[in-house]
Amino acid sequence: MPSANGNGAVAVPILVGGDHPAWRILSSSGSTLGQINFFRGDLFATLAGFTGYSGDPARQTVVVETLNDAGKVAGSTQIVGEGVFAPDPNGGLFVVGHFSHDFSTPPPKTRVAFKMSANGSLRYGPVPFPSEAAIFGQGVDVNGRAVVILGGGSGRIDAVWLDENGKASSVFNVLQGFQPGPDTWFETSPLLGGGLALRRMDAATRSPFDAGRSSEWLAILPSGQARTDPLPDWLAQRPNTNLELARSRSAYAFLPWEGDEVLCDQKIEIVSISGASCGKLDFPIDGKSCRTRELRLGSDGTVLQKMPGDREQGQLVNGNVFTCTLRYWPAALK
396 MPSANGNGAV AVPILVGGDH PAWRILSSSG STLGQINFFR GDLFATLAGF
446 TGYSGDPARQ TVVVETLNDA GKVAGSTQIV GEGVFAPDPN GGLFVVGHFS
496 HDFSTPPPKT RVAFKMSANG SLRYGPVPFP SEAAIFGQGV DVNGRAVVIL
546 GGGSGRIDAV WLDENGKASS VFNVLQGFQP GPDTWFETSP LLGGGLALRR
596 MDAATRSPFD AGRSSEWLAI LPSGQARTDP LPDWLAQRPN TNLELARSRS
646 AYAFLPWEGD EVLCDQKIEI VSISGASCGK LDFPIDGKSC RTRELRLGSD
696 GTVLQKMPGD REQGQLVNGN VFTCTLRYWP AALK
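For the record, in the sequence shown the residue sitting at position 294 is 689 according to this note's numbering, with numbers rising by one throughout.
1) So for Trp652, helix, strand or coil by DSSP?
2) Leaving out the 5 sequence neighbours to the left and right, which residues in its chain are closer than 6 Å to Arg722 when beta-carbon positions are compared?
3) Count the C-beta pairs between the segment 543-560 and the segment 631-642 that are closer than 8 Å, then say yes if the count reaches three, no if not.
4) Taking the alpha-carbon of Val535 as reference, which of Leu488, Pro501 and Phe581 has the nearest alpha-carbon?
5) Taking the C-alpha atoms as reference points, what is the distance between Asn538 and Gly561?
6) Counting along the chain, where does the beta strand (DSSP E) carrying Leu570 start and finish?
7) Nearest to Gly588 by alpha carbon, out of Leu570, Thr456, Ala646 and Pro577?
8) How many angstroms separate the CA atom of Ile665 from the CA atom of Arg518?
9) Could you check the C-alpha separation between Cys685 and Lys675 for me, to the nearest Å?
10) Need the endpoints of the alpha helix (DSSP H) that Leu442 sits in, please.
11) Starting from Ala404, follow the alpha helix (DSSP H) in both directions and report where the run begins and ends.
12) Is it true that the CB of Pro502 sits closer than 8 Å to the CB of Phe509?
13) Put Ala614 into one of helix, strand or coil per three-state DSSP.
14) Does the Cβ-Cβ distance between Ala563 and Leu545 come in under 8 Å?
15) Would you report the Cα separation of Ile552 and Ser424, rounded to the nearest angstrom?
16) Note down, in chain order, each residue of its chain lying with its Cβ closer than 6 Å to the Cβ of Ser471, except the 5 sequence neighbours on either side.
17) Is it right to say Leu728 is buried, meaning 16 or more other beta carbons lie within 10 angstroms of its own, or is it exposed?
18) Take Lys467 as the anchor and find which of Phe445, Ala513, Glu582 and Ser398 has the nearest alpha-carbon.
19) With H, G and I counted as helix, E and B as strand and the rest as coil, what does DSSP make of Val716?
20) Does the ligand COA have a heavy atom nearer than 7 Å to the CB of Thr697?
21) Of the choices Leu640, Phe678 and Pro521, whose alpha-carbon is the least far from that of Glu656?
22) Whose C-beta lies closer than 6 Å to the C-beta of Met702 among residues of the same chain, with five residues either side of it excluded?
23) So what does DSSP say about Leu731, is it helix, strand or coil?
24) How many angstroms separate the CA atom of Val411 from the CA atom of Pro585?
25) Using the rule of at least 16 other Cβ atoms within 10 Å of the residue's Cβ for burial, across every protein chain shown, is Arg622 buried or exposed?
26) Is Arg686 helix, strand or coil by DSSP?
27) Can you give, in chain order, each stretch of the alpha helix (DSSP H) that sits fully within the segment 456-497 and has at least 4 residues?
28) Can you name the start and end residues of the beta strand (DSSP E) that Arg644 belongs to?
29) Report, in whole angstroms, the separation of the C-beta atoms of Ala726 and Leu692, which I expect to be a contact under 8 Å.
30) So Pro523 is in the beta strand (DSSP E); what residue range does that whole segment cover?
31) Do Arg594 and Phe573 come within 8 Å of each other at the CB atom, strictly closer than that value?
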């Protein structure tokens, strides 16, 4: 999916030879600034540019890089192995898994964690990670503290925090009586002032083009604290939404996932830090029914909207849309 960084540069996923991931970087006016190519891996928009991890034919990850608006590497840290990743909302990347710091040292048998700073340098790591339980989600709050969501046994979901220096909290319980669907995982959204809002995610399909996602807000994870807090009503009453920081981090924006719409239209709701609705912004496509794609918001307030598949004008390849149209509104919610 496309993303926009704090400078207004937009990264649009494209495919290059051998189906390796790449991103074309566009300016706010739509001109091409550069391109980022990985053999494998993923890219995340940050306040000042982009950060991502890249692998080789044998490994998921061999390096974590910070890149500027032209797609040029500005800093990097060698991290070799397999695991999971979470971008820091202030820049940088948190990783946990079986990683070593170079090619000459094999990854450890037990999990470790690393954190890269916004400039691509090593913030901490490797530090021991206190659990080998299945990982179902991860996130980083505005204070730079990371949380990892873990399987805790039958019907139980646990979590652990790592502070800004990599020190782990005790493992604590998040949910009891949990029943997963066919494809269930957990995601987090940063909260103003610190902490994370935890949501359950379910997908109806495993299609990379349309997962048919639904979501439910579950709990508040106070920053660095080994406990959960109850959901405020303003969050519990907005299921099937993503939550992003908006208006220069003075408010929240609720954005929809993909979905079936009678009128092809999407809306973003702006909510104050106290939970009061400040209104909605409308991003209509046309007056016919459609299956929308996920609506996204960049850290500079740029709104990104991909056209529904049946609105594309192009040939089909193996049943999938070959062309892809992105509309975006630079700094619309700055």
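All C-beta atoms, glycine included, are put in the ideal place defined by N, C-alpha and C.
On the basis of the supplied data:
1) Coil, per DSSP.
2) Apart from sequence neighbours up to five positions away, the residues of its chain that approach Arg722 with a beta-carbon distance below 6 Å are Gln700, ordered along the chain.
3) These segments do not touch.
4) Of the candidates Leu488, Pro501 and Phe581, the one whose C-alpha sits nearest the C-alpha of Val535 is Leu488.
5) The alpha-carbon atoms of Asn538 and Gly561 are separated by roughly 13 Å.
6) Here the beta strand (DSSP E) through Leu570 covers Phe567 to Gln571.
7) Nearest option by C-alpha distance: Ala646.
8) Those two C-alpha atoms are separated by around 34 Å.
9) The straight-line gap from Cα to Cα measures roughly 20 Å.
10) Careful: Leu442 lies outside any alpha helix (DSSP H) and carries neither H nor E.
11) Here Ala404 belongs to no alpha helix (DSSP H), and DSSP marks it neither H nor E.
12) Taking 8 Å as the Cβ cut-off, Phe509 and Pro502 do not qualify as a contacting pair.
13) Looking at Ala614 - three-state DSSP - the assignment turns out to be strand.
14) Not in contact: Ala563 and Leu545 (Cβ atoms no closer than 8 Å).
15) The straight-line gap separating the alpha-carbon atoms of Ile552 and Ser424 is approximately 45 Å.
16) In its chain, beyond the 5 residues on either side, Val458, Glu460 and Gly515 have a beta carbon closer than 6 Å to the beta carbon of Ser471.
17) The residue in question, Leu728, is buried, as its Cβ has 16 or more Cβ neighbours within 10 Å.
18) Of Phe445, Ala513, Glu582 and Ser398, the smallest CA-CA separation from Lys467 is found for Phe445.
19) In this prediction, Val716 scores a pLDDT of 49, lower than 50, which makes its location untrustworthy; the coordinate-derived value is nonetheless stated afterwards. Shown here, Val716 sits in a strand according to DSSP, grouped into three states.
20) As far as ligands go, the structure on display features none, and thus does not contain the ligand COA.
21) If we check each option's Cα against that of Glu656, Phe678 comes out closest.
22) The beta carbon of Met702 sits closer than 6 Å to the beta carbons of Thr720 from its chain, once the five residues preceding and following it are set aside; these are given in chain order.
23) Residue 731 falls outside the range modelled here, since the chain spans only 396 to 729, and no answer is possible.
24) Looking at the two C-alpha atoms, the distance is approximately 33 Å.
25) Exposed, because fewer than 16 other Cβ atoms sit within 10 Å of the Cβ of Arg622.
26) Strand.
27) Listed in chain order, there is nothing to give.
28) Bounds of any beta strand (DSSP E) do not take in Arg644, whose DSSP letter is neither H nor E.
29) Going by Cβ atoms, the distance from Ala726 to Leu692 rounds to 11 Å, so no, they are not a contact pair.
30) Counting along the chain, the beta strand (DSSP E) containing Pro523 begins and ends at Leu517 to Pro523.
31) When the beta-carbon positions are compared, Phe573 and Arg594 stay at least 8 Å from each other.
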